[in-house]
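J.:
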Ligand SMILES: Cc1cc2nc3c(=O)[nH]c(=O)nc-3n(C[C@H](O)[C@H](O)[C@H](O)COP(=O)(O)O)c2cc1C
């Protein structure tokens, strides 16, 4: 009757029998003072909360830049997105993609990766090329400039 997240079976199933999943992809910059210990706290609490409400995804952190893909049922996703925008531990949040589709999950498990700065740069450059939104372009350019300014050598290890 209920799935592993306590969500009634069939409640989010579409015509094709696939779950209607909302996803949100963004990148942001870690605020001053957000060190490895704080990122560890974010991950620990996110794992617990996400599991409770059926949200999965991936969080990437390198050179002071976050990149996150989250997916799950609409209601808890909306709540989490609002919390993310209010969270002072990061800023310059650039929404890269947000939509709802009937499909399998891309990330069936919550995960966390540490990436090299060059990988983060590729993700950001791709995003820059695929958006026309002026605010997003400005924020993405600021993040890339920060990477060029030398934090390439200040990788934070998870
Ligand atoms: C980069 C980053 C990623 C986060 N990812 C998640 C997440 O996946 N799930 C989650 O519950 N909270 C996540 N958080 C924490 C939320 O922003 C927020 O603090 C938490 O959901 C509690 O929100 P509330 O105080 O409004 O209930 C993240 C925070 C940051 C800075």
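Numbering (full-length UniProt numbering), first residue to last: 1 to 158. Just so you know, even glycine gets a beta-carbon here, dropped at the ideal spot from N, CA and C. Keep in mind it's a predicted model, so treat the numbers as computed, not measured.
Under a three-way DSSP split, which group does residue 160 fall into?
T.: Beyond the ends of the chain as shown, which are 1 and 158, falls residue 160; an answer cannot be given.
J.: Helix, strand or coil: which one does DSSP assign to residue 155?
T.: Per-residue confidence for residue 155 stands at a pLDDT of 33, beneath the threshold of 50, marking its modelled position as unreliable; no derived number is given.
J.: Does residue 135 get closer than 8 angstroms to chain B when you measure Cβ to Cβ?
T.: Going by chain labels, chain B is absent from the structure shown, which holds only one protein chain.
J.: Given this structure, state the Cα-to-Cα distance separating residue 155 from residue 63, to the nearest angstrom.
T.: Per-residue confidence for residue 155 stands at a pLDDT of 33, beneath the threshold of 50, marking its modelled position as unreliable; the derived number appears in the next sentence. Cα-Cα distance, rounded: 5 angstroms.
J.: Straight-line CA distance for residue 39 to residue 143?
T.: Cα to Cα, residue 39 sits roughly 19 angstroms from residue 143.
J.: Taking the alpha-carbon positions, what's the residue 129 to residue 90 distance?
T.: Looking at the two C-alpha atoms, the distance is approximately 23 angstroms.
J.: Under the criterion of a Cβ to heavy atom distance below 7 angstroms, does residue 57 qualify as lining ligand 1?
T.: At least one heavy atom of ligand 1 is nearer than 7 angstroms to the Cβ of residue 57, so yes.
J.: So residue 137 is in the alpha helix (DSSP H); what residue range does that whole segment cover?
T.: Per DSSP, residue 137 belongs to the alpha helix (DSSP H) from 134-148.
J.: Starting from residue 97, trace the beta strand (DSSP E) both ways and give me its first and last residue.
T.: Residues 90-102.
J.: Tell me whether residue 98 counts as near ligand 1, meaning its Cβ is closer than 7 angstroms to at least one heavy atom of that ligand.
T.: Answer for residue 98: no, Cβ out of range of ligand 1.
J.: Output the distance between the C-alpha atoms of residue 107 and residue 17, rounded to the nearest integer angstrom.
T.: Taking the straight line from one Cα to the other gives about 18 angstroms.
J.: Please report how far the alpha carbon of residue 96 lies from the alpha carbon of residue 30, in whole angstroms.
T.: Near 17 angstroms, if we compare the C-alpha coordinates of residue 30 and residue 96.
J.: Taking the alpha-carbon positions, what's the residue 131 to residue 122 distance?
T.: When rounded, the distance between both Cα atoms is 15 angstroms.
J.: On the three-state DSSP scale, how would you describe residue 58?
T.: Residue 58 falls in the strand class under three-state DSSP.
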